[in-house]
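Undergrad: Here it is, the structure, as structure tokens.
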Amino acid sequence: MLESNGYILLDRTEHMELVPFVRTYINKRTRFSNLYMLSNLLIFGSVRYLLVSHLKLEPSR
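With our numbering, the residue at position 46 of the sequence shown is 47, and numbering never jumps.
As structure tokens, then:
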């Protein structure tokens, strides 16, 4: 398919060869992954704070 569009196939990777590569880099801490985690923590923390502070439940009797 790619060869018909003028591309040259240099190497082919099977799924089982790709899994260890992805596992190595998926949890690697970078500046952007840390920023992503911090932004999620701020968003979900803010939502939790707003829900808890505004939904004061009365004790059941």
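For each residue, glycine too, the CB sits at the ideal point set by N, CA and C.
All of these numbers come straight from a predicted model, not from anything done at the bench.
Report back the beta-carbon spacing between glutamate 4 and leucine 10 to the nearest angstrom; my notes put them in contact at under 8 angstroms.
TA: Mapped onto the sequence shown, residue 4 falls at position 3. Mapped onto the sequence shown, residue 10 falls at position 9. Indeed, because the Cβ distance is near 6 angstroms, the residues count as touching under 8 angstroms.
Undergrad: Just to confirm the assignment, what range does the alpha helix (DSSP H) spanning tyrosine 50 have?
TA: Locating residue 50 in the sequence shown gives position 49, counting from the first residue. Per DSSP, tyrosine 50 belongs to the alpha helix (DSSP H) from 32 to 55.
Undergrad: Give me the Cα-Cα distance between leucine 47 and asparagine 41, rounded to the nearest whole angstrom.
TA: Here residue 47 refers to the residue found at position 46 of the sequence shown. Here residue 41 refers to the residue found at position 40 of the sequence shown. This sequence places serine at residue 47; leucine is not what is there. Straight-line Cα distance between these residues: approximately 10 angstroms.
Undergrad: Could you have a look at methionine 17 and say whether DSSP puts it in helix, strand or coil?
TA: Position 16 of the sequence shown, counted from the start, is the residue given in the question as residue 17. Helix.
Undergrad: Roughly how many angstroms separate the alpha carbons of isoleucine 44 and valine 23, rounded to a whole number?
TA: Reading the sequence shown from its first residue, position 43 is the one you call residue 44. Reading the sequence shown from its first residue, position 22 is the one you call residue 23. The straight-line gap from Cα to Cα measures roughly 27 angstroms.
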